[in-house]
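The structure appears right after this line, and notes come after that.
In the working numbering, the protein residues as written are 222 to 266.
What follows is the structure, encoded as structure tokens:
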């Protein structure tokens, strides 16, 4: 899950030309990582 989140942030940070499609793909990666991050957070408590 964290790899998806890191990949999304990396795509946004390295998108120098501010291409909309790359930003949308990065957002989709980050949204897909949410269930995994939430499961890890629930497991901690």
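For every residue, glycine included, the Cβ atom is placed at its ideal position computed from N, Cα and C. It should be emphasised that the depicted structure is a prediction, and the values quoted were computed from it without experimental measurement.
message: Following a CB-centred definition, is residue 251 positioned closer than 6 Å to any heavy atom of the ligand GTP?
response: In the structure on display, the ligand GTP does not appear, and there are no ligands present to speak of.
- request: Just the C-alpha distance for residue 259 and residue 246, rounded to the nearest angstrom, thanks.
  value: Rounded to whole angstroms, residue 259 to residue 246 spans 21 Å at the Cα level.
task: Let me know if residue 265 comes out buried or exposed under the rule of 16 or more other beta-carbons within 10 Å of its beta-carbon.
output: Around the Cβ of residue 265, a 10 Å sphere holds fewer than 16 other Cβ atoms; the residue is exposed.
field: Rounded separation between residue 242 and residue 252 - CA only
entry: So the alpha carbons of these two residues sit roughly 15 Å apart.
- prompt: From what residue to what residue does the alpha helix (DSSP H) around residue 231 run?
  reply: Boundaries of the alpha helix (DSSP H) harbouring residue 231: 223 to 234, taken from the DSSP string.
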